[in-house]
Amino acid sequence: MAPQARVGLIATVVGFFTGIWLFLAPFIVEYQKVGQDWVDATKNDLWTGGALIAISALTLILFGAFALRDAARAAERKNATEAEES
Amino acid sequence: MAKYVIGAAGALLGALAGVWLMLAPFALAYQGSGADWADPTYVDFWTGLPLLVISLAGSILYISGLVEELRRRGIMRRPYTAPVEQSQAPPGDASSSENNVDQILLPLVTAMLKDMQERDRERDETHRETPDNVQQTRSAGEEGSVSR
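Line order of the protein sequences matches chains B and V. Residue numbers 191 to 276, in our numbering, belong to the letters of the first sequence in order. Residue numbers 5 to 152, in our numbering, belong to the letters of the second sequence in order.
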């Protein structure tokens with residue numbers, strides 16, 4: 191894996207935690223009272239935060255899956271070349 | 005290779021979410037224009053701005069990773085690479101910057117050498133031709149010259 195992509199993964203993880211923050215922010219900052227109807231800001235933050243969590247999680251899962259697939263293929267190729275040499 | 009594309013797409017969507025967060029208070033009109041910023045506006049704006057910056061940086065990094073992968077596989081060519089003959093120069097003790105300078109100067113020096121060799125060859129050829137010519141010119145000179 192390219193070293194740039196590892197740093198890119200950190201950006202995706204930051205995006206994930208930003209989504210969690212957005213999900214909780216209305217209640218932590220207290221511009222949304224518990225039990226009352228949701229104000230526009232709360233709805234926006236919950237939807238945006240949820241979307242961000244979903245996007246980041248999906249990106250992380252797919253990236254991990256494809257990275258594992260690439261690693262498995264590289265290991266297979268290495269084993270095949272070692273078997274040919276010996 | 006697909007992993008980098010997925011990462012870049014995810015980071016770009018994150019950047020778009022950041023842009024939306026910065027604009028949402030005004031777009032959804034829960035922040036009146038000209039009025040002091042309310043708590044939701046502060047939260048959304050100051051969450052959206054870092055998210056935008058970080059996601060853009062992330063997408064650039066994923067794309068640069070993709071470019072490196074493409075170069076490693078030989079699909080994309082590296083810019084400013086020397087031709088194959090020159091790149092096979094043996095690695096010496098000199099630093100990489102010196103090697104780069106050598107690689108830049110090498111075609112120039114070889115062209116100059118080739119030019120000099122051609123000139124020498126032409127000169128040799130003219131020298132071979134000149135003994136006859138010299139004899140002719142000498143005899144012509146002797147004919148035309150005024151003996152002192």
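Every residue, glycine too, gets a C-beta built ideally from N, C-alpha and C. Every value quoted in this text rests on a predicted model; they were computed, and no experiment measured them.
Check: Would the region 31–40 of chain V and the region 64–82 of chain V be scored as touching if the rule is three or more Cβ pairs under 8 Å?
Finding: no
Notebook entry, point to check: Are the C-beta atoms of GLU126 of chain V and some chain B residue less than 8 Å apart?
Noted result: In the second sequence, residue 126 of chain V corresponds to position 122, counting from 1. No, no contact with chain B.
Notebook entry, point to check: Should the region 266–276 of chain B be called in touch with the region 223–243 of chain B, which here means at least 3 C-beta pairs below 8 Å?
Noted result: no
Check: Buried or exposed: LEU112 of chain V, going by 16 or more other Cβ atoms within 10 Å of its Cβ?
Finding: Mapped onto the second sequence, residue 112 of chain V falls at position 108. Burial call: exposed.
Next item on the list: Please confirm if TRP211 of chain B has its CB atom under 8 Å from at least one CB of chain V.
Entry: Within the first sequence, the letter at position 21 stands for residue 211 of chain B. Yes, because at least one Cβ of chain V sits closer than 8 Å to the Cβ of TRP211 of chain B.
Item checked: LEU27 of chain V, enclosing alpha helix (DSSP H) - first and last residue -> Walking along the second sequence from the start, residue 27 of chain V turns up at place 23. Its alpha helix (DSSP H) spans residues 6–31.
Note to self: Would THR271 of chain B pass as an interface residue toward chain V - the criterion being a Cβ-Cβ separation below 8 Å?
What the structure shows: Counting from 1 along the first sequence, the entry for residue 271 of chain B is found at position 81. Not closer than 8 Å to any Cβ of chain V, the Cβ of THR271 of chain B fails to qualify, so no.
Check: Of the choices B:LYS268, B:GLN226, B:THR249 and B:PRO216, whose alpha-carbon is the least far from that of LEU17 of chain V?
Finding: Taking the second sequence and counting its residues from 1, the one referred to as residue 17 of chain V is at position 13. That would be B:THR249, whose Cα lies nearest to the Cα of LEU17 of chain V.
Next item on the list: Count the other CB atoms, across all protein chains shown, that sit within 10 Å of the CB of MET116 of chain V; report buried if there are 16 or more and exposed otherwise.
Entry: Here residue 116 of chain V corresponds to residue number 112 of the second sequence, with the count starting at 1. By the neighbour-count rule (16 or more Cβ atoms within 10 Å), MET116 of chain V is not buried but exposed.
Check: Rounded to whole angstroms, how far is the Cβ of VAL15 of chain V from the Cβ of ALA201 of chain B, which I believe are closer than 8 Å?
Finding: Position 11 of the second sequence holds residue 15 of chain V. Position 11 of the first sequence holds residue 201 of chain B. The sequence shown places Ala at residue 15 of chain V, not Val. So it is a contact: roughly 6 Å between Cβ atoms.
Check: Closest to ASP230 of chain B by CA distance: which of B:ALA261, B:LEU242 and B:PRO216 is it?
Finding: Residue 230 of chain B sits at position 40 when you count from the first residue of the first sequence. The shortest C-alpha separation from ASP230 of chain B is found at B:PRO216.
Margin query: Is it the case that the region 5–15 of chain V contacts the region 32–47 of chain V, given that we only count it when at least three CB pairs across the two stretches are under 8 Å?
Written below: no
Note to self: Quick check: what's the CA-CA separation for GLY22 of chain V versus ILE79 of chain V?
What the structure shows: By 1-based counting over the second sequence, the position of residue 22 of chain V is 18. By 1-based counting over the second sequence, the position of residue 79 of chain V is 75. Approximately 33 Å, taken between the alpha carbons.
Note to self: Assuming the contact rule is C-beta atoms closer than 8 Å, LEU242 of chain B and GLY205 of chain B should be a hit. Round their C-beta distance to whole Å, please.
What the structure shows: Translated into positions along the first sequence, residue 242 of chain B becomes position 52. Translated into positions along the first sequence, residue 205 of chain B becomes position 15. That pair is a contact at about 6 Å.
Note to self: For a cutoff of 8 Å on Cβ pairs, would you count ALA39 of chain V as touching chain B?
What the structure shows: The residue labelled residue 39 of chain V in the question sits at position 35 within the second sequence. Cβ-Cβ to chain B under 8 Å: no for ALA39 of chain V.
Next item on the list: Kindly indicate which residue of B:GLY198, B:GLN226, B:ALA261 and B:ASN234 has the alpha-carbon position closest to the one of MET26 of chain V.
Entry: Numbered from 1 along the second sequence, position 22 holds the residue referred to as residue 26 of chain V. It is B:ASN234 whose Cα lies nearest to the Cα of MET26 of chain V.
Checklist line | Partner residues on chain V for ILE243 of chain B, Cβ-Cβ distance less than 7 Å | finding: Position 53 of the first sequence, counted from the start, is the residue given in the question as residue 243 of chain B. Residues of chain V passing the Cβ test: none, with the nearest at roughly 10 Å.
Next item on the list: From the DSSP output, in three-state form, read off ARG152 of chain V for me.
Entry: Position 148 of the second sequence holds residue 152 of chain V. With a pLDDT of only 43 at ARG152 of chain V, under 50, the local geometry of the prediction cannot be trusted, and no value is derived from it.
Notebook entry, point to check: What does a CB cutoff of less than 7 Å around ARG82 of chain V pick up in its chain, not counting 5 residues either side in sequence?
Noted result: As a working mapping, residue 82 of chain V is identified with position 78 in the second sequence. ARG75, listed in sequence order.
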